[in-house]
Amino acid sequence: MSYADKEIACRECGGRFIFTAGEQEFYASKGFINEPTRCPAQRRARKYGAPLPAGPCPHDVSGMGVVRSGSPGSAASAGERRSSSRTERAPYTGRLPNGPVLARVLHIDPTGRFLFARVEPDGFDVYVHHSLFREVNVREGDQVRIQVEASDRGPRACSLWVES
């Protein structure tokens with residue numbers, strides 16, 4: 000496949016950055032399907048919690064990008080996000096089925112770490128950890144039978160069987 004440089008708007012600083020053909024080829028080789036939504040400086044800040052310089056974004060090719068203090072990619076916000084505990088969230092309060100139920104596989108993480116399945120009669124989604132499906136051949140759209148339990152992050156499967 001042939002790649003060409005693209006200009007993309009950064010959702011953090013508002014400026015535009017170049018997504019090079021080489022970067023696009025690298026993304027494709029890793030199986031990434033989405034283009035970046037943040038410029039390299041914002042991605043680095045978000046990943047490592049690095050402080051950003053005030054003023055114009057160094058990767059902005061339009062001259063319009065300004066690093067905003069307290070933006071979601073800034074170091075202060077990233078630190079605030081990391082300090083909030085998952086256990087502080089309100090627990091899932093929806094009705095959970097008793098016993099195994101039928102579900103349809105909606106999405107499998109490209110790295111194979113998890114999948115989401117929709118419980119068909121009730122219409123809610125369930126998180127399934129890879130330890131429950133790594134030994135079986137499961138694809139998106141397959142029907143499975145799962146046992147659902149509550150967790151602080153929503154319903155999750157505690158067992159999975161593939162329907163024949």
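For what it's worth, numbering that gives the first Met the number 0 labels the leading residue of the sequence shown as 0, then goes sequentially.
C-beta: ideal position from N, C-alpha, C; glycine also.
What does DSSP give as the partner residue(s) for residue i in the beta ladder?
i, result
"H128", "F113"
"E148", "R155"
"A8", "R15"
"I32", "Paired residues: none, contrary to the question."
"R103", "R117 and Q142"
"V161", "V143"
For residue i, I'd like the list of residues in its chain whose CB is within less than 6 Å of its CB, leaving aside the five on either flank, ordered along the chain.
i, result
"E19", "According to the sequence displayed, residue 19 carries Thr and not Glu. So the qualifying residues of the chain are D4."
"V23", "Sequence check: residue 23 is Gln here, not Val. Correct list, in chain order: Y2."
"Q146", "P99, C157 and S158"
Is any heavy atom in the ligand SAM found nearer than 6 Å to the beta carbon of residue i?
i, result
"S1", "Judged by which ligands are present, the structure shown has none, so any question about the ligand SAM falls away."
Apart from the five residues on each side of it in sequence, which residues of its chain come closer than 8 Å, Cβ to Cβ, to residue i?
i, result
"R138", "V104 and I107"
Reducing DSSP to helix, strand and coil, say where residue i ends up.
i, result
"R42", "helix"
"E22", "helix"
"Y47", "helix"
Using only alpha-carbon positions, find the residue among the options that is nearest to residue i.
i, options, result
"M0", "F25, Q142 and S150", "F25"
"V110", "G14, F16 and F31", "The amino acid occupying residue 110 in the given sequence is Thr; Val does not appear at that position. T110 has its Cα closest to that of F31, out of G14, F16 and F31."
"F123", "F115, C38 and S130", "F115"
"C38", "R15, H129 and G140", "R15"
Note down, in chain order, each residue of its chain lying with its Cβ closer than 7 Å to the Cβ of residue i, except the 5 sequence neighbours on either side.
i, result
"Q142", "L101, R103 and E162"
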